[in-house]
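Undergrad:
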Amino acid sequence: MIRSASRPLPSALPRPAVLPGISAGMSPRRFLLLHALWPLLTLAALSASTMGLGGDFWLADRFYALEGGRWALQNAYLTEQVIHRFGRDASTAAWLGAFAFWLYARSRPALAPWRRPLAYLLLATLLAVALASGLKSLTNMDCPWDLTRYGGEVPFFGLFDRRPSGLDRGVCFPAGHASGGYAWIALYFFFLQARPRLRWAGLATGLAVGLLFGFSQQLRGAHFLSHDVWTLAICWFVALALYLAMARREAPLAADKRGAPAARASLEGAGR
Numbered sequence: 018m019i020r021s022a023s024r025p026l027p028s029a030l031p032r033p034a035v036l037p038g039i040s041a042g043m044s045p046r047r048f049l050l051l052h053a054l055w056p057l058l059t060l061a062a063l064s065a066s067t068m069g070l071g072g073d074f075w076l077a078d079r080f081y082a083l084e085g086g087r088w089a090l091q092n093a094y095l096t097e098q099v100i101h102r103f104g105r106d107a108s109t110a111a112w113l114g115a116f117a118f119w120l121y122a123r124s125r126p127a128l129a130p131w132r133r134p135l136a137y138l139l140l141a142t143l144l145a146v147a148l149a150s151g152l153k154s155l156t157n158m159d160c161p162w163d164l165t166r167y168g169g170e171v172p173f174f175g176l177f178d179r180r181p182s183g184l185d186r187g188v189c190f191p192a193g194h195a196s197g198g199y200a201w202i203a204l205y206f207f208f209l210q211a212r213p214r215l216r217w218a219g220l221a222t223g224l225a226v227g228l229l230f231g232f233s234q235q236l237r238g239a240h241f242l243s244h245d246v247w248t249l250a251i252c253w254f255v256a257l258a259l260y261l262a263m264a265r266r267e268a269p270l271a272a273d274k275r276g277a278p279a280a281r282a283s284l285e286g287a288g289r
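Our numbering applies: residue 18 is where the sequence shown begins, and numbers increase by one.
(1) I think A93 touches W162, with their Cβ atoms under 8 Å apart; what is that distance to the nearest whole Å?
(2) Over what stretch of residues does the alpha helix (DSSP H) that includes D11 continue unbroken?
(3) Using a Cβ-Cβ cutoff of less than 7 Å, which residues in the same chain neighbour F173 once the five nearest sequence positions on both sides are dropped?
(4) When DSSP builds the beta bridges, which residues end up paired with V146?
(5) Buried or exposed for D340, going by 16 or more other Cβ atoms inside 10 Å?
(6) Could you tell me which of R132, L70, S150 sits nearest to G197, measuring between CA atoms?
(7) Shortest alpha-carbon distance to H101 belongs to which of A127, A195, R132, M263?
(8) Check whether the Cβ of F80 lies closer than 8 Å to any heavy atom of the ligand NAD, and answer yes or no.
(9) Going by DSSP, what residue range makes up the alpha helix (DSSP H) through S233?
(10) How is L291 classed by DSSP in three states: helix, strand or coil?
(11) Does DSSP put W75 in a helix, in a strand, or in coil?
(12) Going by the CB atoms, is the gap between A225 and L138 shorter than 9 Å?
(13) Tell me whether V171 sits in a helix, a strand or coil according to DSSP, three-state version.
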């Protein structure tokens, strides 16, 4: 006579996948609330206050006045050579360094856990910068230093205003240089996968570099504050979307790895 098992058979179905770096106690809904909805509402409010309520002009007017009614820092050594040019080169060098480390990790089994997070970081930063830079050629908005209000030759046209065909195209929105800093907020999701305890340091790094790049360009008359807000939004949501896309692609693989031992245990238990 076959004796029935005294313990319930282990389930052959895998447990629901958990996002990399996220504790099992956080539901997908809460994750999206904290990482998608609240950032979206915050950035939308900042955009409305700067573009719709005159915040851009209020801040730029004060910078322009403090510099003596001209963009005195437009060609200053600190803002142009150090923060703009050297900062751009430093961001590029950081990306190349991460790429070199990814190549090295591919040849070292001990570094296998770093391969996927590094691939994510490389792709997220590249996509964010490319998208921000690409949009500049489509939005057709001018820099503050181009505007008659600040000594330039072009009247102001908003994002959705009709622009006369005789004017040269504007290529200043969103902020391209700031994207080289804000793109590194992808470090938050990079460390979320590799070293979750360091995710806030990664986020702070991206925000600090982006703020430095953006503030410097505002002092030069190259951008309004709203240009940086939109760049920050682009970089954050590109980083978030890629993290979710890669996690979704990885989930079935992880589920298969967890489900195979469970299925074997179930079959073994049923045959006893």
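Where a beta carbon is used, it is the ideal one built from N, C-alpha and C, also for glycine.
TA: Once the coordinates are examined:
(1) Contact doesn't hold; Cβ gap of about 13 Å is too wide.
(2) Residue coverage of the chain in this structure runs from 18 to 289, which leaves residue 11 outside it and unanswerable.
(3) L164, R166
(4) Paired residues: none, contrary to the question.
(5) Any answer about residue 340 is impossible in this case: the structure gives the chain only from 18 up to 289.
(6) With distances taken between Cα atoms, G197 lies closest to S150.
(7) A195
(8) In the structure on display, the ligand NAD does not appear, and there are no ligands present to speak of.
(9) First-last of the alpha helix (DSSP H) with S233: 216-237.
(10) For the chain, the structure presents residues 18 to 289; residue 291 sits outside this window and is missing.
(11) For W75, the three-state secondary structure derived from DSSP is helix.
(12) no
(13) strand
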